[in-house]
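Participant:
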Amino acid sequence: MVVEKINYNHIIIEKMDGVAKITMNRPETLNALHEPMNLEIISALRELDQDDSVKVIVITGAGRAFSAGGDINQMQNVYHKIDPLELRRKLQKGVKTIVSTIWNMEKPIIAAVNGPATGASCNIALACDIVIASENARFGEVFIRVGLGPDGGGSYLLPRIVGIHKAKELFFTGRIIDAKEAEQLGFVNRVVPPEELESTVMSFAKELAQMPARALGVAKKAVNESLNLNMEQALDYEMTLQSLCLKTEENKVRVKEFLERKKKTD
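Counting with this note's numbering, you get residues 18 to 283 for the letters of the sequence shown.
#1: Decide yes or no for the touch test of the segment 87-99 against the segment 57-68: beta carbon pairs closer than 8 Å, at least 3 of them.
#2: Nearest by alpha-carbon distance to K110: which of N94, N153 and D168 is it?
#3: Output the residue ranges of the beta strand (DSSP E) runs that lie fully inside the segment 129-177 and measure 3 residues or longer, sorted by chain position.
#4: Per DSSP, what kind of secondary structure is D88 in: helix, strand or coil?
#5: A232 and S243: beta carbons closer than 7 Å?
#6: What would DSSP say about A61, mapped onto helix, strand or coil?
#7: Give me, in chain order, the residues of the same chain whose beta-carbon lies closer than 6 Å to that of K32; leave out the 5 immediate sequence neighbours on both sides.
#8: Pairing CB atoms from the segment 205-212 with CB atoms from the segment 144-151, are three or more of them under 8 Å?
#9: Can you check which of these residues, R192, I126 and L56, is closest to V163 by C-alpha distance?
#10: Assuming I119 is part of the alpha helix (DSSP H), what are its boundary residues?
#11: Thinking just about the alpha-carbon of each residue, which of G35, G86, V235 and V270 is nearest to the one in Q160?
#12: Between the segment 169-182 and the segment 208-215, do at least 3 Cβ pairs fall closer than 8 Å?
#13: For my contact list, I126 and I178 are in at a C-beta cut-off of 8 Å; report their separation, rounded to the angstrom.
#14: Would V116 pass as a contact of F83 if the rule is Cβ separation under 7 Å?
#15: Am I right that N140 and L165 are in contact with their C-beta atoms under 8 Å? What's the rounded C-beta distance?
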């Protein structure tokens, strides 16, 4: 297995066997999200989206945290000193764009949550298509603790995952939940021992990387878009996407392979 490693200033990218892993690399701050790292994550996601050798993307954190959320020092030293319009522009270029990019990319994205994922980083994880967590993972919509409302798509994602009343409870209290409760609430797909997180995630990512890329993208788009559609609209959208799949070489090859296997068993 050949691993291609690319170092940015605040993230690390590793590519192997059709999988790209983005590691947020500010362990001294628990990978707190600040503007330079946010811009690197956005740039990396867009580059990997255009890389045909990459079929699946994994996002994780260096050290003992996934990410502690927004960098409080940046909030105090930068955000409090600029006018509201400039602040809005900065916020839009950060977590909003990360979440929007994750949500709209066709490639599956897996969050490997190795430790605390709080504030905006909790919602980055929730925006991913699959969330696999270590037993050490913690999740928290902790905005209220510093006088903020939810961002990073939390107000959209969380009620759809846990229900409106539980979502409000978590937003109102800023309570941090452990991996077991997160699994029970539907935050995560599965919880594994810390020493098994990387192997579990990479094994699953490589499995997905063998699936037809267009079909994976269509499934992701169909599910994400269904949140805004009624049944008739969802049926129409499925047919639109399915017509694209039926014209792909992947579909022709997979159907041929299926028929050949069937012929051998008849």
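Beta carbons: idealized from backbone N, C-alpha and C, even for Gly.
Computed from a prediction, not measured in an experiment: that's the story for all the values here.
Facilitator: Looking at the coordinates:
#1: no
#2: Position 93 of the sequence shown, counted from the start, is the residue given in the question as residue 110. The residue with the shortest Cα to Cα distance from K110 is D168.
#3: 133-135, 147-151 and 155-157
#4: Here residue 88 refers to the residue found at position 71 when the sequence shown is read from its first residue. Residue state, collapsed to three classes: coil.
#5: For the purposes of this step, residue 232 is taken as the residue at position 215 of the sequence shown. For the purposes of this step, residue 243 is taken as the residue at position 226 of the sequence shown. No. Outside cutoff.
#6: For the purposes of this step, residue 61 is identified with residue 44 of the sequence shown, where counting begins at 1. Reduced to three states, the DSSP call for A61 is helix.
#7: Position 15 of the sequence shown, counted from the first residue, corresponds to residue 32. The residues are E21.
#8: yes
#9: Taking the first residue of the sequence shown as 1, we reach residue 163 at position 146. If we check each option's Cα against that of V163, R192 comes out closest.
#10: Numbered from its first residue, the sequence shown carries residue 119 at position 102. I119 -> alpha helix (DSSP H) spans T114 to N121.
#11: For the purposes of this step, residue 160 is taken as the residue at position 143 of the sequence shown. Sequence inspection shows Phe at residue 160; the Gln mentioned does not correspond to that position. With distances taken between Cα atoms, F160 lies closest to G86.
#12: no
#13: What you label residue 126 is simply residue 109 of the sequence shown in a count that begins at 1. What you label residue 178 is simply residue 161 of the sequence shown in a count that begins at 1. Going by Cβ atoms, the distance from I126 to I178 rounds to 16 Å, so no, they are not a contact pair.
#14: Along the sequence shown, one-based indexing puts residue 116 at 99. Along the sequence shown, one-based indexing puts residue 83 at 66. No.
#15: Within the sequence shown, the letter at position 123 stands for residue 140. Within the sequence shown, the letter at position 148 stands for residue 165. Not quite, the Cβ-Cβ distance comes to about 12 Å (not below 8 Å), so this is no contact.
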